[in-house]
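Heads up, the sequence shown stops at 255 in the working numbering, and the numbers go up one at a time, no gaps.
For every residue, glycine included, the Cβ atom is placed at its ideal position computed from N, Cα and C.
No experiment lies behind these values; they were computed from the predicted model shown.
Here the structure comes first, spelled out in structure tokens, and everything after it is commentary.
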Amino acid sequence: MDAVIKEAALTYDTGKPLPPGKMAFEEFLVWCDEDTWAEWVDGEVIILTPAARRHQEIKGFLYSVIREFLYYKKAGRVLDAPFLVRLPETLRRGREPDLLYVSNEKLHLLKETYMDGAPDLIIEITSPESLARDRGEKYVEYEAAGVREYWLIDPDRQQAEFYRLGDNGRYQTILPDASGIYRSEVISGFWLKVEWLFQDPPPPVIACLKDMGII
41 MDAVIKEAAL TYDTGKPLPP GKMAFEEFLV WCDEDTWAEW VDGEVIILTP
91 AARRHQEIKG FLYSVIREFL YYKKAGRVLD APFLVRLPET LRRGREPDLL
141 YVSNEKLHLL KETYMDGAPD LIIEITSPES LARDRGEKYV EYEAAGVREY
191 WLIDPDRQQA EFYRLGDNGR YQTILPDASG IYRSEVISGF WLKVEWLFQD
241 PPPPVIACLK DMGII
């Protein structure tokens, strides 16, 4: 386990002891209640540290604007953390993305407390503690799992990276257009201006939807 992750797990007081040794995913589900933010990696529990204000504001903005877009388009669901994603069995991972989008075709994979399979889109908002993991381990895992789009938002650098799964099963970097607009492929018709992500405070959701021509 990475030293930084291990240190975070030891120093962040969750109010409940870490389980001894490894456990099955089903045991992890029983142990991990809705007040505990943790991931399951090859049988080990990784405690995630609390998020900073900017992280939460960006997550809240993206969740709200995507949710409202989907309400009008009737095109699936968006969920935010804490909500586990159980990646394919070969990866032995139960990850806790900041945001995930599930198309209508995959809604049957949603269980009461986790998604049993790969979402169509995952969004991770980085922190200094999670940057290497989000750009390294999770990038490889989500690609291998078949997550069709992966957005990586870095509040500290005010940088957004967008990856899309190619026909070869590998992520390709998709750049915003000359106007700074990124258009999603998996959420048909959805787009956003990258500058919206880093406005403080975030722009009103209703104004963004008007720009998109949704309302």
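Open item on the list: So, does the stretch 153-169 touch the stretch 188-207, judging by three or more C-beta pairs under 8 Å?
Closed with: These segments touch.
Task: Bounding residues of the alpha helix (DSSP H) (the contiguous stretch that carries residue 246) - done: Locating residue 246 in the sequence shown gives position 206, where the first residue counts as 1. Membership of residue 246 in the alpha helix (DSSP H) is indicated by the continuous run 245-252.
Task: For residue 180, the three-state DSSP class (helix, strand or coil) - done: If you number the sequence shown from 1, residue 180 lands on position 140. It is helical.
Task: Coil, strand or helix - residue 129 by DSSP - done: Translated into positions along the sequence shown, residue 129 becomes position 89. Of the three classes helix, strand and coil, the one that applies to residue 129 here is helix, per DSSP.
Open item on the list: Only counting the same chain, and skipping five residues up and downstream in sequence, which positions put a Cβ closer than 6 Å to that of residue 155?
Closed with: Numbered from 1 along the sequence shown, position 115 holds the residue referred to as residue 155. Taken in chain order, the residues that qualify are 125 and 149.
Open item on the list: Once DSSP output is grouped into helix, strand and coil, what is the label at residue 134?
Closed with: What you label residue 134 is simply residue 94 of the sequence shown in a count that begins at 1. Here residue 134 sits in strand by DSSP.
Task: Residues sharing a beta bridge with residue 199, DSSP - done: As a first step, residue 199 must be located in the sequence shown, where it is residue number 159. As DSSP reads the structure, residue 199 sits in a beta bridge with 194.
Task: Bounding residues of the alpha helix (DSSP H) (the contiguous stretch that carries residue 106) - done: Reading the sequence shown from its first residue, position 66 is the one you call residue 106. Taken as a continuous stretch (DSSP letters only), the alpha helix (DSSP H) holding residue 106 covers 93-113.
Task: Rounded C-alpha distance that separates residue 202 from residue 223 - done: Here residue 202 refers to the residue found at position 162 of the sequence shown. Here residue 223 refers to the residue found at position 183 of the sequence shown. Approximately 10 Å, taken between the alpha carbons.
Open item on the list: Within 10 Å of its beta-carbon, does residue 182 have 16 or more other beta-carbons around it, so buried, or fewer, so exposed?
Closed with: Taking the sequence shown and counting its residues from 1, one reaches residue 182 at position 142. Flag for residue 182 reads buried.
Task: Where residue 145 sits in the DSSP three-state scheme - done: Locating residue 145 in the sequence shown gives position 105, where the first residue counts as 1. The answer is helix: DSSP assigns residue 145 an H, G or I state.
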